[in-house]
Amino acid sequence: MSEELVQLKIDDIDVRVPKGTLVVNAAKQAGIEIPVFCHHPKIESVGMCRMCLVEIGTPKRDRSTGENILDKSGQPQIEFWPKLETSCTMPVSEGMVVKVSSDKAVEGRKQILEFLLTSHPLDCPVCDKGGECSLQDLAMGHGSGESRFLLDDKKHQDKHVQLGDLIVLDRERCVQCARCIRYQEEVTGDPVLAFAERGRNIEIVTFSDPGFDSYFSGNTTDICPVGALTTADFRFGARSWEMDATASICTHCPVGCNLMLNTRREASANGRQVIKRVMPRQNERVNEIWICDKGRFAHHFATSDERLTKPLVRIDGKLVKTSWKKALERAAEGLKAAGEDVVGLASGRVSNEDLYYFHSLLKSVGGQAVLSDPQAGGELVQQVGVGQGTDLGALGAGDAILVIASDLHEEAPIWWQRVMGAAKRGAALVVANARKTRLDDYAVHKVRYRYQEAARTGLGLLHAITGAKDLSKFSGDEPLKSAAKALAEAENLVIFYGVEGLTYAESKSLSEACAAILVETKNVGRAQNGLIAVWPKSNTQGAWDMGLRPAEEDLENALASAKAVYIMAVDPVGDDPSLAESLEGDRFLVVQELFMTQTAELADVVLPAESFIEREGTFTSGERRVQRFYPAVKALGEAKADWRIITSLAANLGLELESSSAAAVFLQIADSNEAYTELSYQSLAEVEEQWPPVGENDLYFGGTTFKNRQGLGVQLAPAAEKDQSIKIKWSVPPEFKSKKGLLLVPVVELYDRGATVIPSEILHPRLASPLLRMSLKDAKSVGVVQGAQIELLIDGRTEELQAIAEEGVPDGVVLLGRGLGVPIAEPGYVEVRLKA
Ligand code: SF4
Ligand code: SF4
Ligand code: FES
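Per the numbering used here, the sequence shown starts with residue 350, numbered consecutively.
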C-alpha cells in the first residue's frame, strides 16, 4: 500500500490514512465502528452482505478544470452519492465525507439486518456462538428489536451437517458471507468449500474427500460471524461466558503459536477444571490470528486418564506407587552411586526453565546433558537466526525464501501458510527436497536432489553464489544455478532447513551451508533475514540455548556407557527399540514423564511431570521468540513441574537450586545467558497494539480470536545483529554409501500416532496410516499392489505393515511416517518383501 496519505471526514472526524485504505478500515482506525459480516481484514473484500452501508460524499469538481467547486465559505462542495455504499469495498479518496451515523445509513443497515434475520433460526439459547456472536451483537446494536416475519415462513435447512470430521455446519444459521470459503481459498491454499444452489437455497458445501480436508479448518469457526460453523470438539460443550481464559503457547511444533485455553469445571471430571477449547491468541509476528487443527484439537493428551499421577519405584522387579519423598531419595541414591557417569537425556518438548535446571543438575554432578532431537545447527541459529522484528507476513516481492529438506505443511503448518502467503505476494520461493512437497506448487525454483545429497545441494547453492574454488566439486547445473541467483539477488532472505532424510552429520553440514549462504549474501543481522531450523519439537531451540547438545557420537554409545541415566520428556525406547538394551541391566534409570512410555517401563524410578497446561514457563520458538505460557488447570494427581522436580532431586543430592518460582529460574537464565540478559517474565508479558484489532468489542471484526493481553514475547537478537563479522565454517558431509536394499526415509506427518496426539479421539479419523510408500517402479519389482501386506526388515527386526505405490516417491526409496507405530531412528537401508 502506498504511503501517500489521504484526508477525509468520517462522522465529522478528520482522518488521515494511506491511499488505498478501505473506508471501513479508516473508520476503525479513527475509533468509529462500522458493522460488518462478510468483510474480514485478513481476506479480500467482496461486498456480499451489505451490512457496512454508509453514505459517501465526494468533492464536486468543475468538469472543465478538474478543480473542486467551493461553497460560500470557501470549502469544497460535497456531493453525496444517491445510494448507500458498502464501506468494505470503497477505498478512501481525498476530501471524501463518510456518514456512518446518519439516519439514512442507520436505516439502511437496519433493513439489511432485518433481511438477514428473515431466514435465521434465532436459536441463540442453544447456539455455541451465543455470547460471542456478531449477529447477536449487531441485532442488538443495529436491529429493529422485533421481526415482521413469522417463524413458520422462515426457510428451514439442515442443522447438523458434518462438513468434515472436525467441523459441523448449521445451514440455517449461515448468513452467506463467504468468509469461510475465501479464507480457505486465499489464506490456506485448500479451496475445499464453496456455495451450491442459488438465492434463498444457497448453502455451503465441501467438495473434498474426506470432507473439509484442510489442516486449518478450525479457523473458519473463529471467523464465521455466526454459529453456522462449530467444531465437533467444542459443540454444545459450554457457553462462552462460563469459561475461564488462560494464555498459552502451542507445544506441537516450533512455530510457537499463541493460544488461549478456555477452561471450565466439569461434573464429568469430578469437578476438576478441564480444557473445553483451544483458541488462537493474536500475535501478528507469529501466528497472526490462526492456528492449525493439531494445535486446536490435540490438547486432550494433557487431561488424559493415561497420565502419570504418582511417583513409582521398582521393587522386586515391579514398578509400584510411592511417595515423592521415597521416589526422590531412591533417584538421588542411584544417581549418587553413579558418580560422574551420569547421562541426562531430554527433548525440546519441555520449557526453558526445565531444560536449564536439567543441564545445571547434570553439570553439577559431572555428568552429560544430551539433547535427543537429532537435528544440528542450534548454535548457528544463535549466530545468524532471523533478526529482531522479523515478520514472515511482511516478506513479498524482492525477497526470497529457501526451504530445504523440510515438508513445512506437515512439520509446521502455520509457517507453511505464511511462506505460501509470502510467495503469493511475490517472494521468490526456492524449495529443495528429494521429493515433491505441497510447497512446490508455490515455488519459482524447485531443486530436486537424491536423499543423502541435501547437504551437498546446500554447498552447491553456496558455490553458485560465491564461486569459491574449494566448493567446485559441489557445483550443480540448472535449476540449482537459477535458484542460487534468486537467493543472491534477494533484498531479504530467510532460510528454513529441516532434517528429512538426513543423518545428524548431514544435518550439521546442511545447517552450516545454509548459514554460510546467509553470511555470504549479507542477509544476516537484520529483520526479515536469517536462518530458521524446522525443529522436531516445539522448544528444541530453547534446549540449545539452555546448553543441551545432541550426542557427539551415537546415542546408543552414550547411554550404554553410563552408570545412571536420567531421562526427561522423551521416549528413546519407543522411538528406537535398539536403545532398550542400552537402558536395561544394572544401569540405574530415572524417567520423568507425562505417560508410562516404553522407556518408563524400564525405569527404576518414574517421576510424574505436569503438562504445559498445569504450570508456567517459557518456550523459545524456531524464530527465537521467547514466549510465556501460564497455568490453566490444577496439576493432575501429584504431578509436578519438571523444573520443580529437578530442584527437589538436587536437594536430595546435596545441591542447591532456586525453588521459589519459574520466574526466579528464568531470572537465573537471564543472568547466565547473554542472549536472554534483558528478559524477565515482565518483559515477555508486554504487549502493543496490533492490526487488525480483535477481541473486546471487535468480536465481529476478527472473529472469536482472542486479543493478546498476556504478552507478545521477545524475539532474541542473533549474534550477527551485534557483530557483523560472523564467519561460518562449512564441512563436507560424510560420503554417500549406497547399500543393498531400499533406503528407508522417515518423514513427518502432522497427525502422527504419538502420545500427545492419540488421546484426542476427535483426530482419529484423520491420523496418518502406517503405510510404506514406494515408487511405482519399486512396487512393481517387489510385487506390491496397493495395500499389500509386506515385511520390512529393519535393524535386525521385522515389521509387518501395508505398502502402497505412490507417484513422487523417488526410486530406491521407501517413505514411512514417524510416530506411526514403527520406530525409525534415522534413514537406513532396509529390505522389503511381500508377506507370504
Ligand atoms: S458458514 Fe459462516 S463463514 Fe461460511 S458463509 Fe456461512 S456465515 Fe459465512
Ligand atoms: S502450527 Fe505448530 S505451533 Fe501452530 S498451532 Fe499448529 S502445531 Fe501448534
Ligand atoms: S458488504 Fe461490507 S461487510 Fe459485507
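Glycine residues also receive a C-beta, built at the ideal position from the N, C-alpha and C atoms.
Reduced DSSP category for residue i - H, G, I as helix; E, B as strand; rest coil
i            : result
residue 744  : coil
residue 846  : strand
residue 440  : strand
residue 862  : helix
residue 351  : With a pLDDT of 49 at residue 351, under the threshold of 50, the modelled position of this residue cannot be trusted, and the question is left open.
residue 667  : strand
residue 658  : coil
residue 458  : helix
residue 321  : Past the edges of the chain, shown from 350 to 1185, lies residue 321, and the structure says nothing about it.
residue 675  : helix
residue 706  : helix
residue 412  : coil
residue 619  : coil
residue 611  : strand
residue 1055 : strand
residue 828  : coil
residue 1149 : strand
residue 629  : strand
residue 917  : strand
Cutoff 6 Å; reference residue i; Cβ partners in own chain excluding five residues on either side
i            : result
residue 940  : 916, 948, 949, 952, 955
residue 384  : 400, 487, 491
residue 1079 : 861, 862, 865
residue 909  : 931
residue 360  : 381, 449, 450
residue 622  : 612, 614, 982
residue 999  : 710, 1006
residue 555  : 512, 541, 542, 561
residue 444  : 408, 425
Rounded separation between residue i and residue j - CA only
i            : j            : result
residue 1006 : residue 712  : 13 Å
residue 840  : residue 749  : 8 Å
residue 744  : residue 791  : 14 Å
residue 937  : residue 533  : 52 Å
residue 353  : residue 451  : 29 Å
residue 1044 : residue 1056 : 5 Å
residue 351  : residue 366  : For residue 351, the predicted structure reports a pLDDT of 49, less than 50, and the residue's modelled location is therefore unreliable. A value from the coordinates is still provided. Taking the straight line joining both Cα atoms gives about 10 Å.
residue 1167 : residue 1104 : 12 Å
residue 810  : residue 857  : 16 Å
residue 618  : residue 549  : 44 Å
residue 497  : residue 504  : 15 Å
residue 972  : residue 1028 : 16 Å
Nearest residue (CA-CA) to residue i, options the options
i            : options              : result
residue 912  : 1068, 682, 1080      : 682
residue 411  : 398, 426, 691        : 426
residue 831  : 847, 803, 1031, 795  : 795
residue 771  : 731, 659, 538        : 538
residue 804  : 826, 817, 855        : 855
residue 1012 : 993, 1000, 387, 1023 : 993
residue 883  : 736, 747, 697, 1140  : 697
residue 428  : 405, 442, 415        : 405
residue 1100 : 390, 439, 845, 643   : 643
residue 600  : 641, 1184, 900, 731  : 641
residue 1052 : 684, 1082, 392, 1020 : 392
Cβ shell of residue i (< 8 Å), same chain only, five flanking positions each side left out
i            : result
residue 1176 : 800, 801, 850, 851, 852, 1092, 1093, 1094, 1095
residue 701  : 888, 891, 894, 895, 966, 967, 968, 969, 975, 1015, 1018
residue 402  : 433, 434, 435, 436, 454, 457, 458, 461
is_contact[residue i, chain C] using C-beta, thresh 9 Å
i           : result
residue 719 : Absence of chain C from the displayed structure is noted, only one protein chain being present.
Sequence-distant residues of the same chain with beta carbon closer than 7 Å to residue i, five excluded per side
i            : result
residue 1136 : 1151, 1153
residue 716  : 689, 691, 692, 693
residue 1160 : 1124, 1126, 1127
residue 526  : 386, 387, 397, 398, 574
residue 1170 : 1102, 1119
residue 1082 : 804, 805, 854, 855, 858
**Report entry** Meets three-Cβ-pair contact criterion under 8 Å: the segment 664-671 and the segment 627-640
**Finding:** no
Query raised in the report: On the three-pair Cβ rule with 8 Å, is the segment 1031-1039 touching the segment 702-718?
Result: no
Query - At least three beta-carbon pairs within less than 8 Å, the segment 798-816 to the segment 772-789 - result: yes
Query raised in the report: Would you call the segment 554-573 and the segment 1025-1033 in contact, with 3 or more CB pairs under 8 Å?
Result: no
**Report entry** Any 3 or more C-beta pairs closer than 8 Å across the segment 574-591 and the segment 505-522
**Finding:** yes
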